[in-house]
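Numbering (the numbering used here), first residue to last: 1 to 291.
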């Protein structure tokens, strides 16, 4: 076992057959959560070219809970969930036959599912935007917490900032209900389509939820969003970090915590090449301990 960049690494074999190193939890932390917008196949970008790469990234970093976004019907029927099935269970809430684009994954050996649900923000406007939540019982530590995955409205028009602020109102209503009903820690995240300091995230901050990038002991300096991978001469997708505005203040993916409940040891933006190639967003994860 060797050490690189503050992480302990151990060799493993990825689904594509190449070797990779599994990334251990930061010292002092007891839980890792990841948020990952996996690039829905809206743009003639087939999931079957990327599903095992997404699974590899998740298996490499071994998050205890994963908040996914842009999980289209084709993603649900892809190899992603079967590749992760040995270790992870999905949470999609009560969907009534509708596609949940924002599911959660959790390590099924460590956690027991207590309750779960799914709220759409504005189905007529965009059926992919909402929040999935789960109350999980930690068998290792006999602790209970609620985790969530969310995706906010995406456009950059003048009225879009207001729509995202309404998304924050709806998210807060759900999080407040979870804290009231279960009396537990609440944290989670996803693609908010806005920066720290914007009206939607400021509303969350004023109500006790801050982006982990602002309070982590160690935080990646890069932005989480790098743009669409492009096909190369080899016919495969290739992604690169953003050539400009590649600072964390331009991140639109966030993991939110209540600082009085959670210590954030590390917030990390994953820039591994297979992650860059598989999606327009880098996954982010936080290593935390519950207070």
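Think of the CB as a built atom: it goes at the ideal place given N, C-alpha and C, for glycine as much as any other residue.
This one's a predicted model, so the numbers in the text were calculated from it and none came from an experiment.
Asked: How big is the Cα-Cα spacing for residue 195 and residue 263?; Found: 22 Å
Asked: Give every residue of the same chain whose Cβ lies closer than 8 Å to the Cβ of residue 145, excluding the five residues on either side of it in the sequence, and list them in chain order.; Found: 135, 136, 138, 184, 185, 186, 187, 290
Asked: Determine the closest residue to residue 72 out of 66, 47, 96, with distance taken between C-alpha atoms.; Found: 47
Asked: Start and end of the beta strand (DSSP E) containing residue 144?; Found: 143 to 151
Asked: Could you tell me the distance, in whole angstroms, from the CA atom of residue 52 to the CA atom of residue 108?; Found: 20 Å
Asked: Where in the stretch 59 to 124 do unbroken runs of the beta strand (DSSP E), each at least 3 residues long, occur, reported from the N-terminal end onward?; Found: 65 to 69, 88 to 91, 104 to 107, 111 to 122
Asked: Determine the direct distance from the alpha carbon of residue 181 to that of residue 209, and round the result to whole angstroms.; Found: 18 Å
Asked: Quick check: the stretch 119 to 128 against the stretch 23 to 38, are at least 3 beta-carbon pairs closer than 8 Å?; Found: no
Asked: Exposed or buried, what is residue 230 when buried is set at 16 or more other beta-carbons lying within 10 Å of its beta-carbon?; Found: exposed
Asked: Once DSSP output is grouped into helix, strand and coil, what is the label at residue 206?; Found: helix
Asked: Would you identify the three-state DSSP class for residue 237, choosing helix, strand or coil?; Found: strand
Asked: If you compare alpha carbons, which of 68, 114, 257, 90 is closest to residue 129?; Found: 68
Asked: Is DSSP giving residue 291 helix, strand or coil here?; Found: coil
Asked: Count the other CB atoms, across all protein chains shown, that sit within 10 Å of the CB of residue 106; report buried if there are 16 or more and exposed otherwise.; Found: buried
Asked: Hey, would you say residue 133 sits closer than 8 Å to residue 172, going by beta carbons?; Found: no
Asked: Enumerate in chain order the residues of its own chain whose CB-to-CB distance from residue 238 is below 7 Å, with the five nearest sequence positions on each side excluded.; Found: 229, 230, 232, 277
Asked: Less than 8 Å separating the beta-carbons of residue 61 and residue 285?; Found: yes
Asked: For residue 214 and residue 250, what's the separation of their Cα atoms in angstroms?; Found: 12 Å
Asked: Can you tell me which of the three DSSP states residue 5 falls into?; Found: For residue 5, the predicted structure reports a pLDDT of 41, less than 50, and the residue's modelled location is therefore unreliable. A value from the coordinates is still provided. Note: residue 5 maps to coil in three-state DSSP.
Asked: If you draw a straight line from the alpha carbon of residue 265 to that of residue 191, how long is it in whole angstroms?; Found: 21 Å
Asked: Determine the closest residue to residue 244 out of 197, 156, 224, 236, with distance taken between C-alpha atoms.; Found: 224
Asked: Could you name the residues of the same chain whose beta carbon sits closer than 6 Å to that of residue 189, not counting the 5 residues immediately before and after it, in chain order?; Found: 35, 67, 254, 255, 256
Asked: Which partner residues does residue 132 have in the DSSP bridge list?; Found: 118, 149
Asked: Opposite residue 230 in the DSSP bridges: which residues?; Found: 238
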